[in-house]
Every structure is written in C-alpha cells, then in structure tokens.
Amino acid sequence: DSGVTQTPKHLITATGQRVTLRCSPRSGDLSVYWYQQSLDQGLQFLIQYYNGEERAKGNILERFSAQQFPDLHSELNLSSLELGDSALYFCASSVRTALDTQYFGPGTRLTVL
Amino acid sequence: AQKITQTQPGMFVQEKEAVTLDCTYDTSDPSYGLFWYKQPSSGEMIFLIYQGSYDQQNATEGRYSLNFQKARKSANLVISASQLGDSAMYFCAMRGFGNEKLTFGTGTRLTIIP
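Chains V and E supply the protein sequences, listed in that same order.
Here the working numbering is used: the first residue of the first sequence is 1, the next is one more, and so on.
Here the working numbering is used: the first residue of the second sequence is 114, the next is one more, and so on.
#1: According to DSSP, which residues form a beta bridge with V/Gly42?
#2: Sorted by chain position, which residues of the same chain lie with C-beta nearer than 6 Å to V/Arg22's C-beta, five sequence neighbours on each side aside?
#3: Can the beta-carbon of E/Leu147 be found less than 8 Å from the beta-carbon of E/Met202?
#4: In chain E, what lies closer than 9 Å to V/Phe69 by C-beta?
#5: So E/Phe160 and V/Thr108 are in contact, right, with Cβ under 8 Å, and what is the actual spacing, rounded?
#6: Where does E/Gly198 land, buried or exposed, given buried means 16+ other C-beta within 10 angstroms?
#7: For a cutoff of 8 Å on Cβ pairs, would you count V/Gly84 as touching chain E?
#8: Determine the direct distance from the alpha carbon of E/Leu215 to that of V/Val19, and round the result to whole angstroms.
#9: What residues are listed by DSSP as bridge partners for V/Leu76?
#10: Quick one: which residues of the stretch 143-164 of chain E get their C-beta closer than 9 Å to a C-beta of chain V? List them in chain order.
#11: I want to verify the contact list: residues of chain E whose CB lies under 9 Å from the CB of V/Ala56, in sequence order.
#12: Sort V/Ser80, V/Leu113, V/Ala66 and V/Ala92 by Cα distance to V/Phe104 and report the nearest one.
#13: How would you list, in chain order, the residues of chain V whose beta-carbon sits under 7 Å from the beta-carbon of E/Arg208?
#14: Can you tell which of V/His10, V/Leu99 and V/Thr5 has its C-alpha closest to the C-alpha of E/Asp168?
#15: Quick one: which residues of the stretch 171-205 of chain E get their C-beta closer than 9 Å to a C-beta of chain V? List them in chain order.
#16: Where do the ends of the beta strand (DSSP E) carrying E/Leu190 lie?
#17: Answer with buried or exposed for V/Phe90, where buried requires no fewer than 16 other C-beta atoms within 10 angstroms of its C-beta.
#18: Interface residues of chain A around E/Thr219 at Cβ under 8 Å?
#19: For V/Thr13, I'd like the list of residues in its chain whose CB is within less than 8 Å of its CB, leaving aside the five on either flank, ordered along the chain.
#20: When we look at the beta-carbon of V/Asn59 and count the other beta-carbons within 10 Å, is it buried (16 or more) or exposed?
#21: Output the distance between the C-alpha atoms of E/Thr140 and E/Lys183, rounded to the nearest integer angstrom.
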C-alpha cells in the first residue's frame, strides 16, 4: 500500500458525460501528479500540482481540468467524454518536487461506452 | 526532451533464476533520476528502486538492484532469485532535475515459470 488513495476504483459512463476522479496523497506529500495509461499511448503525464498551485502541464486535453484543494487532495475532471478517453488514470504524490520518488495510487479505471 | 527505451516487450524466466530487464535513456539534463516500477495484473504501480545520476554506487533494494552505466546511458534492473510473484509489467522511468514529470518506457512483461 503506497498510502495514496484514489476513488472510485472503476467508473463506467457514456460519451459526452463528465466525471470527477479523486485523489488523496500520502501524508506529508505536497505534490500531486496525474497520469493516464492507455493501450495506444502508454503512460502519459497529464498535470502536476504543488501545494495547491499548478506546477507543470503535460499532454492534458482542454476537456480535462484538475485542482488541488487546501487539504492537498486533488480532483481530475474529465468532460465531454469520448471513447478514446477510456484508460487507467493514476494519481501519484511526492514530498516536494525535484527528484523525489513519486508513489502511485491504485488507479481509477474509466470506461466510456 | 527525455526518452526511455525498453527493448524487451516480454520475457520468460525460470523460477529462482536471476533476470535482467534492459533500460536505456536519453536526456540533456545534467542531473536526473531513474526509477523502476512494477505493475502486476491488478493494475497498481509499485515503486521498486531509484538511482540518482550522481550516485557513486548502484542502488539496491532487497532482491532488486540497478545496474547503472552512465556512459552507456543504461539503467538495467536485476532481480535475483526470481519468484512467481515477480510476474508483472516492469516500467523504467526517469525525470530530470526541475522537470516534474516522469517519462516512462513502454514496459517489459515478465513471466516467471515454475
């Protein structure tokens, strides 16, 4: 158990819908990262927050957004969902940034029908 | 830009044998970190081992060791005395100092045969 929690574990929804994925980092970790794992794209970095502020952005679609709250938990919002958004979404956390190890949550498996 | 290459899509290894999973990387960052993660069929990503680019010694964590050859830009994972529970996907990843994201390779699927 990495100490990072993600809910829900599974999510099945229809095209065009909007979903919210939630992540709680390890106790004491200030940085939260979101990654998407799909069969065709592999593991891709989406976005990072550090102590409530957006720190880095990767290949995140405009339909996707995220935020980190004062209690350091984070939410990833996916809207106008398409079939291609079906993937495993991971949240990871680290103490700070730099070269700190990122510990991953169990992931949320999103299926868009 | 950073790039990780894992050239072994799949490997089959007899139980109790040692196994080496290959990883080469490319980066222009003078300081960087290399990581290995394990992903069992259940899906979670489990951190295994870390090597800093300026570390003088190869990293070890229990049965895992990292064979770091900086000049060759390789960071191979060695698992000693393999067990059935080692069957999983293994990902090599890196990040540069000041570059927040992890860049992953495509992974190697390791199957341990009893």
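All C-beta atoms in this analysis are idealised placements derived from N, C-alpha and C, irrespective of residue type, glycine included.
Taking the geometry as given:
#1: V/Ser38
#2: Thr7 and Glu75
#3: no
#4: What V/Phe69 touches in chain E: nothing, since even the nearest Cβ is about 19 Å away.
#5: Not really, about 19 Å apart at Cβ, beyond 8 Å.
#6: exposed
#7: no
#8: 25 Å
#9: V/Leu21 and V/Ala66
#10: Ser144, Tyr145, Gly146, Phe148, Tyr150, Gln152, Ser155, Gly156, Glu157, Met158, Ile159, Phe160 and Tyr163
#11: Asn212, Glu213 and Lys214
#12: V/Ala92
#13: Leu99
#14: V/Leu99
#15: Phe204
#16: Ser187 to Ile192
#17: buried
#18: As a matter of chain content, chain A is missing from the structure shown, whose protein chains are V and E.
#19: Val19, Leu81, Leu110, Thr111, Val112 and Leu113
#20: exposed
#21: 11 Å
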